[in-house]
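Chemist:
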Amino acid sequence: MNDPQKVIEIVSLARSGSEKAFSELVDIYASRLFGYFYRLTGNRDDSNELLSELFLKMVEKIGSCRPETFEPWLFRIASNLFTDYLRSKKRREKMLSRIEEQVQSETEPPPRGDLMTDKLTRQIQRLEPETAEIIIMRYYSQLSFEELAKLRNEPVGTVLSKVHRGLKKLRQLMEESDNGK
Amino acid sequence: MENKKEDIDNLLSRFYSPDQAEQIKNDITQGEQLFDGYRAPQPQENIINHIKLNIGRKRRHTGILHVLVKTIAVAAVVLVASYLLMENTATQKPAVNNVQNSYRAALARTDNSITALEKEAQLLGSEVMAVRLGEDNGTNEQLSDSVGNVETEIIDTENFFWKG
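Top to bottom, those sequences are chains A and C.
All the letters of the first sequence, read from the start, carry residue numbers 1 to 181 under the working numbering.
All the letters of the second sequence, read from the start, carry residue numbers 1001 to 1164 under the working numbering.
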């Protein structure tokens, strides 16, 4: 875990235009944010793309962020990017299914996404997207429940309950998968 | 991944009974341990380098744009200020002319008054002379009063004259 004071200093430097500070922020957050995107999308390429987009947005908008609340701010952008991604994915899938209907192919549809997706990610994909996002954000952002509630504009009790139910459901899915269900 | 700067026990006690709180804490801990057990892949080194390169480009691009926007803003301010200044000068000229005209008219009016007063003073002066030349015996009281009146009038006129 990074020293919050050090992060504040780096963010302040980045706000004043230091390229080195931006690079340091990439080094600090790339791994966790890649994990966040990977768990949600189950796809390496999409995660890489989202990660690049996120850091460019960070550079563009860092002036509007207070250094003390950088982490929730960054994960809020990540969450918005993921929401946009889901929307465009749904549009893409709709379009694909229409094409498939037109072609009426009898062959199996080609697998989408990353074939190497691990078991945990596959089970996460079976959760409701909102539930998946909240438990993944909780884990990868390292935000407290209070911070998470503020970020999502929800009461802390609601967030606590959603995370609890989500993680419980995930554990159940993992156990079922182990038992071959 | 080790979390977080919070007192989870205290938080749970606000919403749940001690037994429930304990159960929920266990569920959350075990759930998060799944993530510890199945580590997500790391982003590739070349992707990170590519991102850093793009950030550098973006920064320079944003920097140039920033300077451009600033320059345009300053130029716009200068243009607007010059325009306003010219506009003010144009509207102020007639005002100055008006003041000058009024000033000249006032001067002309004063000149006229002075001329009239001078004429009156001259007239009164010659009248006094005529009266003085005509007072042979000097005993005529009415004449003496008239002279006194005329002199008073002269003094008044002179006073009025100097007061403007």
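Even glycine gets a Cβ: it sits at the ideal position worked out from N, Cα and C.
1. Identify the continuous alpha helix (DSSP H) that holds Leu148/A and give its terminal residues.
2. Give the list of continuous alpha helix (DSSP H) stretches no shorter than 4 residues that lie fully inside the region 6 to 45 of chain A.
3. What in chain C is Cβ-close to Glu19/A, meaning under 8 Å?
4. Go ahead and label Arg39/A buried or exposed: buried means 16 or more other beta carbons lie within 10 angstroms of its beta carbon, across all protein chains shown.
5. Would you say the beta carbon of Asp46/A comes nearer than 6 Å to a heavy atom of the ligand NAD?
6. Going by beta carbon distance, what residues of the same chain come within less than 6 Å of Asp3/A, once the five residues before and after it are set aside?
7. Between which two residues does the alpha helix (DSSP H) holding Lys168/A run?
8. By the three-class DSSP mapping on this structure, what secondary structure does Tyr1083/C have?
9. How would you label Met174/A, buried or exposed, when you count the other beta carbons within 10 angstroms and need 16 or more for buried?
10. Return the CA-CA distance between Lys94/A and Arg44/A, expressed in angstroms with no decimal places.
11. First and last residue of the alpha helix (DSSP H) that includes Thr131/A?
12. Are the CB atoms of Val26/A and Phe70/A within a distance shorter than 7 Å?
13. Can you find a C-beta in chain C that's less than 7 Å from the C-beta of Ala30/A?
14. Could you give the first and the last residue of the continuous alpha helix (DSSP H) run that contains Asp1019/C?
15. In whole angstroms, what separates the C-alpha of Arg1039/C from that of Leu120/A?
16. Identify the contact partners of Ile975/C in chain A, using a Cβ-Cβ distance below 7 Å as the criterion.
17. Express the C-alpha separation of His164/A and Leu1012/C in angstroms, rounding to a whole number.
18. Does any C-beta atom of chain A lie closer than 7 Å to the C-beta of Gln1042/C?
19. Could you tell me the alpha carbon to alpha carbon distance between Asn1054/C and Gly17/A, rounded to whole angstroms?
20. Given this structure, state the Cα-to-Cα distance separating Glu53/A from Arg1057/C, to the nearest angstrom.
21. Note down, in chain order, each residue of its chain lying with its Cβ closer than 6 Å to the Cβ of Leu151/A, except the 5 sequence neighbours on either side.
22. Since Arg138/A and Leu127/A are thought to touch, with beta carbons under 8 Å apart, how far apart are those beta carbons, to the nearest angstrom?
23. Under a CB-based cut-off of 7 Å, is Leu1011/C close to chain A?
24. Kindly list the residues whose CB is nearer than 6 Å to the CB of Cys65/A, restricted to its own chain and excluding five residues on each side of it in sequence; keep chain order.
25. Within this structure, are the beta carbons of Thr1089/C and Ala1121/C separated by less than 7 Å?
26. Applying the 10 Å Cβ sphere with the 16-neighbour rule, what's the burial state of Ile135/A?
Modeler: According to the structure data:
1. Residue mapping note: residue 148/A aligns to position 148 of the first sequence, counting from 1. From DSSP, the alpha helix (DSSP H) with Leu148/A extends over 145 to 152.
2. 19 to 41
3. Along the first sequence, read from residue 1 onward, the residue named residue 19/A stands at position 19. Ordered by position in chain C, the residues that pass the 8 Å Cβ test against Glu19/A are Ile1055, Gly1056, Arg1059.
4. The sequence position of residue 39/A within the first sequence is 39, counting from 1. The residue in question, Arg39/A, is buried, as its Cβ has 16 or more Cβ neighbours within 10 Å.
5. This structure does not include the ligand NAD; it has no bound ligands of any sort.
6. Taking the first sequence and counting its residues from 1, one reaches residue 3/A at position 3. Answer for Asp3/A: no residue qualifies.
7. For the purposes of this step, residue 168/A is identified with residue 168 of the first sequence, where counting begins at 1. Per DSSP, the unbroken alpha helix (DSSP H) holding Lys168/A starts and ends at 156 to 178.
8. Within the second sequence, numbered from 1, the residue matching residue 1083/C stands at position 83. DSSP places Tyr1083/C in helix when its eight states are reduced to three.
9. Translated into the one-based positions of the first sequence, residue 174/A becomes position 174. Burial call: buried.
10. Along the first sequence, one-based indexing puts residue 94/A at 94. Along the first sequence, one-based indexing puts residue 44/A at 44. For Lys94/A and Arg44/A, the distance between alpha carbons rounds to 22 Å.
11. Residue 131/A sits at position 131 when you count from the first residue of the first sequence. 129 to 141 is the span of the alpha helix (DSSP H), which, as asked, contains Thr131/A.
12. Against the first sequence, residue 70/A aligns to sequence position 70. Against the first sequence, residue 26/A aligns to sequence position 26. No, these two residues do not count as a Cβ contact at 7 Å.
13. Locating residue 30/A in the first sequence gives position 30, counting from the first residue. Residue-level contact check: Ala30/A touches chain C, since one or more beta carbons of chain C fall below 7 Å from its beta carbon.
14. For this step, residue 1019/C is matched to residue 19 along the second sequence. Segment 1018 to 1037, the alpha helix (DSSP H) holding Asp1019/C.
15. Sequence index remark: in the second sequence, residue 1039/C carries index 39 (1-based). Sequence index remark: in the first sequence, residue 120/A carries index 120 (1-based). One C-alpha to the other measures close to 9 Å.
16. This structure gives no information on residue 975/C, because the portion of chain C shown stretches from 1001 to 1164.
17. Residue mapping note: residue 1012/C aligns to position 12 of the second sequence, counting from 1. Residue mapping note: residue 164/A aligns to position 164 of the first sequence, counting from 1. Those two C-alpha atoms are separated by around 11 Å.
18. Translated into the one-based positions of the second sequence, residue 1042/C becomes position 42. Cβ-Cβ to chain A under 7 Å: yes for Gln1042/C.
19. Locating residue 1054/C in the second sequence gives position 54, where the first residue counts as 1. Locating residue 17/A in the first sequence gives position 17, where the first residue counts as 1. Each residue's Cα considered, the two are about 15 Å apart.
20. If you number the first sequence from 1, residue 53/A lands on position 53. If you number the second sequence from 1, residue 1057/C lands on position 57. Cα-Cα distance, rounded: 14 Å.
21. The residue given as residue 151/A occupies position 151 in the first sequence. Non-local beta-carbon contacts of Leu151/A in its own chain, meaning distances under 6 Å to residues more than five positions away in sequence, involve Pro72, Arg76 in chain order.
22. The residue labelled residue 138/A in the question sits at position 138 within the first sequence. The residue labelled residue 127/A in the question sits at position 127 within the first sequence. About 13 Å separates the beta carbon of Arg138/A from that of Leu127/A, a gap too long to meet the 8 Å contact definition.
23. Counting from one through the second sequence, the residue named residue 1011/C turns up at place 11. Yes - at least one Cβ of chain A is within 7 Å of the one on Leu1011/C.
24. In the first sequence, the residue the question calls residue 65/A occupies position 65. In its chain, beyond the 5 residues on either side, Trp73 have a beta carbon closer than 6 Å to the beta carbon of Cys65/A.
25. Within the second sequence, residue 1089/C is the residue found at index 89, counting from 1. Within the second sequence, residue 1121/C is the residue found at index 121, counting from 1. No, they are not a contact pair.
26. Translated into positions along the first sequence, residue 135/A becomes position 135. Looking at its Cβ environment, which holds 16 or more other Cβ atoms inside 10 Å, Ile135/A is buried.
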